[in-house]
Ligand SMILES: Cc1ncc(C[n+]2csc(CCOP(=O)(O)OP(=O)(O)O)c2C)c(N)n1
């Protein structure tokens with residue numbers, strides 16, 4: 001027990017939980033905490049917009065597996081965080097947001113910069129706290145970490161009235177906190193795992209579909225073990241990329257709207273699907289009623305509400321996927337009546353060989369898929385790639401082979417443009433020793449480009465590759481395909497000159513006009529001590545294919561615009 | 566799939582914002598609350614929310630799962646509709662236009678074991694306690710007289726017997 005202010009207790013609490021960095025931007029209602037930063041060893045990284053602070057915290061969390069912290073003042077500071085919090089919520093990322101609030105006696109009086117932050121974020125957080133007394137802070141910080149990082153992770157917000165930050169109280173920091181209504185179930189029911197083992201053993205064409213849960217649960221080794229044990233091919237969701245090495249012979253890549261065609265084809269033929277840490281998103285499954293119609297489906301997830309939410313499955317298992325896979329592996333090993341999978345392996349080979357897609361010859365033209373493949377070639381396997389949203393992201397999905405967990409970071413659930421760049425900064429703070437690259441579109445980059453100041457002033461060097469097509473490309477593609485080329489609100493024009501723009505920030509700006517120039521620029525960028533942006537002027541009419549049109553089944557892959565009907 | 570009424574009996578933390586979180590979850594998922602009643606239980610700091618919803622098994626299952634995810638919900642139980650003790654209270658203001666209708670209504674009330682709480686010129690207020698079905702049955706009978714106003718509390722319920 002010791003006497004201290006609420007602000008000091010907050011920072012001590014964060015420190016005790018392992019937090020070493022906070023991304024934020026101050027204002028009146030959070031000034032007492034900012035004052036306390038001066039006496040704390042926690043590093044504060046100044047964002048230029050609170051949305052970016054939240055994405056940085058999110059990128060930090062996804063790269064490290066530890067909660068990322070962001071901070072903002074009341075009112076507009078808090079509302080600016082909202083997009084970032086919603087992005088983290090949609091992708092189950094442990095972000096802890098701390099906001100200032102007007103003093104307790106003024107709450108409800110519509111004071112200056114008062115807004116109902118807890119009310120606004122309730123649907124997009126796992127929980128939101130508002131301590132009314134300073135001495136509640138230590139336990140609340142501990143609870144926030146517990147809720148954010150356990151079970152199915154997700155954002156938690158702490159809304160701190162100004163007087164609660166200032167008041168001094170006798171603080172005690174609990175070693176453990178008990179939250180009566182919060183007890184995630186993590187061990188699988190043994191009967192269910194046995195049933196799962198039986199289904200898998202008796203299948204001729206088993207397949208594993210793995211998602212973000214595998215990465216969150218650090219279960220990549222178990223996933224690999226079970227895949228090799230069953231000789232089952234592995235497909236992933238978009239967020240699941242990296243959970244299984246995409247250069248492994250059993251890897252077929254991501255399924256879904258812009259998934260790999262071989263993955264989409266193969267999953268339609270599987271007779272038993274082990275779905276681990278996925279949530280049956282419509283972007284992954286295509287039409288729900290067409291998805292894996294004839295397969296037995298085993299679905300393992302830590303969130304019971306995901307089981308049966310979008311699709312009724314034969315065998316739901318509530319558990320941490322890592323723990324569940326371990327016990328599943330143990331039951332499988334006890335059986336060892338190996339089915340003959342040679343027909344299935346042959347068929348998979350056949351599917352793979354029918355799909356030529358992905359070989360782009362030796363032309364020097366600046367072609368988007370080729371740029372992405374080049375990036376993979378030049379980045380080490382632990383290098384981190386973030387993406388923006390749009391065609392850039394889909395080219396990344398199709399052509400960037402993620403090899404290690406936590407090296408592919410992208411906004412999947414919310415699809416937030418402007419996420420990739422600040423997320424890259426957060427990831428770089430978490431992993432300073434590896435190169436971090438944002439694969440961007442020109443439209444998305446403009447949304448959070450002012451984070452360049454953070455890179456420069458805080459000395460956080462990252463690389464940005466802009467596939468610059470002077471349009472909001474993905475929307476333009478849909479207008480081309482589904483609105484007869486009636487283009488509306490998608491032309492961005494040729495401004496700004498990105499090289500000049502980033503130079504104005506003090507960053508390095510390079511332009512690549514060919515694959516050779518790109519290769520040279522990219523090598524320079526990822527080894528540079530200063531943030532480097534590579535502007536790649538590319539053809540706007542180059543669309544992303546293969547593609548499964550919305551509302552269609554995964555078996556209806558189209559390879560070019562003529563295919564669409 | 567068959568649609569019916571489900572009674573969710575939940576124990577929740579008694580603190581600000583809990584009802585908001587529950588109501589918000591229903592709105593967000595597009596579920597509908599038919600009735601809700603909240604009150605104290607035997608343990609201080611906790612309340613019981615009895616919520617009835619109408620829908621099929623899938624909707625009920627999702628509702629329960631999404632409710633369970635709310636940190637302030639300590640326990641949730643779907644009561645067996647037939648086997649639960651279900652009670653609701655209704656106050657009904659009925660139009661009374663003549664002495665004849667007054668005596669008829671008083672008669673119905675005694676058959677239903679209802680209490681007449683107030684008689685004023687032109688109307689009377691009746692208190693009905695019982696299962697929602699009983700209240701509905703009484704309403705059917707008296708609706709011809711003209712119902713001026715009504716207030717129903719929504720169901721509160723407990724599971725019979727030893728099951729807790
Ligand atoms: C914040 C936000 N606003 C709008 C959208 C809708 N949207 C999806 S993709 C896209 C175009 C992205 O353009 P750009 O970043 O240039 O990438 P490109 O598709 O050209 O690679 C838009 C506007 C979105 N996902 N996020």
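Chains as they are written, first to last, in the numbering used here: chain A, 1 to 565; chain B, 566 to 729. All C-beta atoms, glycine included, are put in the ideal place defined by N, C-alpha and C. If you're wondering where the values come from, they're calculated on a predicted model, not measured in any experiment.
Cα separation between residue 287 of chain A and residue 413 of chain A? Along the first chain, one-based indexing puts residue 287 of chain A at 287. Along the first chain, one-based indexing puts residue 413 of chain A at 413. Taking the straight line joining both Cα atoms gives about 17 Å.
Could you tell me if the beta carbon of residue 467 of chain A falls within a distance shorter than 7 Å of some heavy atom in ligand 1? Within the first chain, numbered from 1, the residue matching residue 467 of chain A stands at position 467. Flag set: Cβ of residue 467 of chain A near ligand 1.
Can you pull the chain A residues whose beta carbon is under 9 Å from the beta carbon of residue 589 of chain B, in chain order? As a first step, residue 589 of chain B must be located in the second chain, where it is residue number 24. Simply 119, 122, 123.
Would you check whether ligand 1 has a heavy atom nearer than 7 Å to the C-beta of residue 391 of chain A? As a first step, residue 391 of chain A is located in the first chain; it is residue number 391 there, counting from the start. Flag set: Cβ of residue 391 of chain A near ligand 1.
Would you mind giving the Cβ-Cβ distance between residue 161 of chain A and residue 103 of chain A, rounded to the nearest angstrom? I have them listed as a contact below 8 Å. Counted from its first residue, the first chain places residue 161 of chain A at position 161. Counted from its first residue, the first chain places residue 103 of chain A at position 103. Confirmed, about 5 Å.
Using beta carbons (cut-off 8 Å, strictly below), is residue 94 of chain A in contact with chain B? Stepping through the first chain from its first residue, residue 94 of chain A is reached at position 94. No - not a single Cβ of chain B is within 8 Å of the one on residue 94 of chain A.
Tell me whether residue 472 of chain A counts as near ligand 1, meaning its Cβ is closer than 7 Å to at least one heavy atom of that ligand. Taking the first chain and counting its residues from 1, the one referred to as residue 472 of chain A is at position 472. Indeed, a heavy atom of ligand 1 lies less than 7 Å from the Cβ.
Using a Cβ-Cβ cutoff of 7 Å, what residues of the segment 594-615 of chain B are near chain A? List them in chain order. none
Excluding the 5 residues preceding and the 5 following residue 381 of chain A in the sequence, name in chain order all residues of the same chain whose CB lies nearer than 6 Å to its CB. On the first chain, position 381 is the one that residue 381 of chain A refers to. Within the same chain, 403, 404 come within 6 Å of residue 381 of chain A by CB-CB distance, once the 5 residues on both sides are set aside.
With residue 398 of chain A and residue 283 of chain A assumed to form a contact (beta carbons below 8 Å), what rounded beta-carbon distance in angstroms separates them? Residue 398 of chain A sits at position 398 when you count from the first residue of the first chain. Residue 283 of chain A sits at position 283 when you count from the first residue of the first chain. Not quite, the Cβ-Cβ distance comes to about 14 Å (not below 8 Å), so this is no contact.
Is any beta-carbon of chain A found at less than 8 Å from that of residue 724 of chain B? To locate residue 724 of chain B, count along the second chain from 1; it is residue 159. Answer no: the Cβ-Cβ gap between residue 724 of chain B and chain A never drops below 8 Å.
Kindly list, in the order they appear in chain B, the residues whose Cβ is closer than 7 Å to that of residue 308 of chain A. Here the question's residue 308 of chain A lines up with position 308 in the first chain. Those are 626, listed as they occur along chain B.
Flag this pair as yes or no: are the beta carbons of residue 530 of chain A and residue 549 of chain A separated by less than 8 Å? As a first step, residue 530 of chain A is located in the first chain; it is residue number 530 there, counting from the start. As a first step, residue 549 of chain A is located in the first chain; it is residue number 549 there, counting from the start. No, they are not a contact pair.
Within chain A, partners of residue 578 of chain B - CB distance below 8 Å: On the second chain, residue 578 of chain B is found 13 positions in, with the first residue counted as 1. Residues of chain A passing the Cβ test: 180, 181.
Near residue 172 of chain A, which residues of its chain fall below 7 Å by C-beta distance, leaving aside the five closest residues on each side in sequence? Here the question's residue 172 of chain A lines up with position 172 in the first chain. Hits under 7 Å: 1, 138.
C-beta contact flag for residue 114 of chain A and residue 107 of chain A at 8 Å: For the purposes of this step, residue 114 of chain A is taken as residue 114 along the first chain, with counting starting at 1. For the purposes of this step, residue 107 of chain A is taken as residue 107 along the first chain, with counting starting at 1. Yes, they are a contact pair.
Measure the CB-CB distance between residue 469 of chain A and residue 539 of chain A and report whether it falls below 8 Å. By 1-based counting over the first chain, the position of residue 469 of chain A is 469. By 1-based counting over the first chain, the position of residue 539 of chain A is 539. The answer is yes: Cβ separation under 8 Å.
Under the criterion of a Cβ to heavy atom distance below 7 Å, does residue 444 of chain A qualify as lining ligand 1? Indexing the first chain from 1 puts residue 444 of chain A at position 444. Indeed, a heavy atom of ligand 1 lies less than 7 Å from the Cβ.
Runs of beta strand (DSSP E) wholly within the segment 635-671 of chain B (minimum 3 residues, chain order): 638-644, 649-660
Assigned secondary structure, residue 73 of chain A (DSSP; H/G/I helix, E/B strand, else coil): Within the first chain, residue 73 of chain A is the residue found at index 73, counting from 1. DSSP places residue 73 of chain A in coil when its eight states are reduced to three.
So for residue 476 of chain A, helix, strand or coil by DSSP? Against the first chain, residue 476 of chain A aligns to sequence position 476. In this structure, residue 476 of chain A counts as helix in the three-state DSSP scheme.
Could you give the DSSP three-state label for residue 127 of chain A: helix, strand or coil? Against the first chain, residue 127 of chain A aligns to sequence position 127. Residue 127 of chain A sits in a strand when the DSSP states are folded into three classes.
In chain B, which residues lie with their C-beta within 7 Å of the C-beta of residue 131 of chain A? In the first chain, counting from the first residue as 1, residue 131 of chain A sits at position 131. What residue 131 of chain A touches in chain B: nothing, since even the nearest Cβ is about 12 Å away.
Of all the CB atoms in chain B, is at least one closer than 8 Å to the CB of residue 590 of chain A? Nothing can be reported for residue 590 of chain A, as the shown portion of chain A is limited to 1 through 565.
Check whether the Cβ atoms of residue 189 of chain A and residue 329 of chain A sit closer than 8 Å, and answer yes or no. Sequence index remark: in the first chain, residue 189 of chain A carries index 189 (1-based). Sequence index remark: in the first chain, residue 329 of chain A carries index 329 (1-based). Cβ distance not < 8 Å, so residue 189 of chain A and residue 329 of chain A don't count as in contact.
Could you check the C-alpha separation between residue 478 of chain A and residue 54 of chain A for me, to the nearest Å? For the purposes of this step, residue 478 of chain A is taken as residue 478 along the first chain, with counting starting at 1. For the purposes of this step, residue 54 of chain A is taken as residue 54 along the first chain, with counting starting at 1. C-alpha separation (whole angstroms): 30 Å.
Chain B contact for residue 239 of chain A (CB, 8 Å cutoff): As a position in the first chain, residue 239 of chain A is number 239, starting the count at 1. So, not an interface residue.
In the segment 144-159 of chain A, which residues sit with their C-beta less than 8 Å from some C-beta in chain B, listed in chain order? 147
Counting along the chain, where does the beta strand (DSSP E) carrying residue 161 of chain A start and finish? Working through the first chain from its first residue, we reach residue 161 of chain A at position 161. Counting along the chain, the beta strand (DSSP E) containing residue 161 of chain A begins and ends at 156-161.
Just to confirm my understanding: we take residue 34 of chain A, look at its own chain, exclude 5 residues before and 5 after, and list those with CB closer than 7 Å. What are they? Reading the first chain from its first residue, position 34 is the one you call residue 34 of chain A. If we look at residue 34 of chain A and ignore the five residues flanking it on each side, its Cβ neighbours are 26.
Once DSSP output is grouped into helix, strand and coil, what is the label at residue 268 of chain A? Taking the first chain and counting its residues from 1, the one referred to as residue 268 of chain A is at position 268. Looking at residue 268 of chain A - three-state DSSP - the assignment turns out to be helix.
Selected residue, minimal CA-CA separation from residue 87 of chain A, among A:375, A:153, A:234: By 1-based counting over the first chain, the position of residue 87 of chain A is 87. When only C-alpha atoms are compared, the closest one is A:153.
Compute the Euclidean distance between the alpha carbons of residue 128 of chain A and residue 553 of chain A, then round it to the nearest angstrom. Along the first chain, one-based indexing puts residue 128 of chain A at 128. Along the first chain, one-based indexing puts residue 553 of chain A at 553. Their Cα atoms are separated by approximately 39 Å.
Looking at residue 364 of chain A: is its Cβ nearer than 8 Å to the Cβ of residue 441 of chain A? Numbered from its first residue, the first chain carries residue 364 of chain A at position 364. Numbered from its first residue, the first chain carries residue 441 of chain A at position 441. Cβ atoms of residue 364 of chain A and residue 441 of chain A: not closer than 8 Å.
Write down the C-beta distance between residue 658 of chain B and residue 714 of chain B rounded to the nearest angstrom, noting that I regard them as a contact closer than 8 Å. Along the second chain, read from residue 1 onward, the residue named residue 658 of chain B stands at position 93. Along the second chain, read from residue 1 onward, the residue named residue 714 of chain B stands at position 149. Yes, residue 658 of chain B and residue 714 of chain B are in contact; Cβ-Cβ is about 4 Å, under 8 Å.
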